[in-house]
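Using our numbering, the first residue of the sequence shown is number 1134, and each one after it goes up by one.
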Amino acid sequence: MSYNIWNEIFTAREASIKLGKNPKYIYFLWKRHSNILLKDSVKMIGRELLITREGYEYLKILSKKGE
């Protein structure tokens, strides 16, 4: 089985929707330099904001605690 880096990266919009949040949720956290985001888990590449799977999984745990 080969390793595919694209399985480890989401767009911020896609990850926000998967979390059941507003599509701009992660963007707003990033823009406000929120402590909720894992360090270096979100990065702007060109015009697209990306988040690592690790960062997404961390937010998923936090959002389940908040329910």
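Here a beta-carbon is modelled for each residue, glycine too, at the ideal position from N, C-alpha and C.
Contact check, TYR1158 vs LEU1182, beta carbons under 8 Å: no
Do LEU1171 and TYR1191 have their CB atoms nearer than 8 Å? For the pair LEU1171 and TYR1191, the CB atoms are nearer than the 8 Å cut-off.
Neighbourhood of ILE1150 by C-beta distance below 6 Å, restricted to the same chain and skipping five residues each side: Spatial neighbours of ILE1150 in its own chain (CB-CB distance under 6 Å, excluding positions within 5 residues in sequence) are listed in chain order as PRO1156.
LYS1198 to ILE1178 span [Cα, whole Å]: If you take the alpha carbons of LYS1198 and ILE1178, they lie about 30 Å apart.
Just to confirm my understanding: we take ILE1142, look at its own chain, exclude 5 residues before and 5 after, and list those with CB closer than 8 Å. What are they? LEU1183, ILE1184, THR1185 and ARG1186
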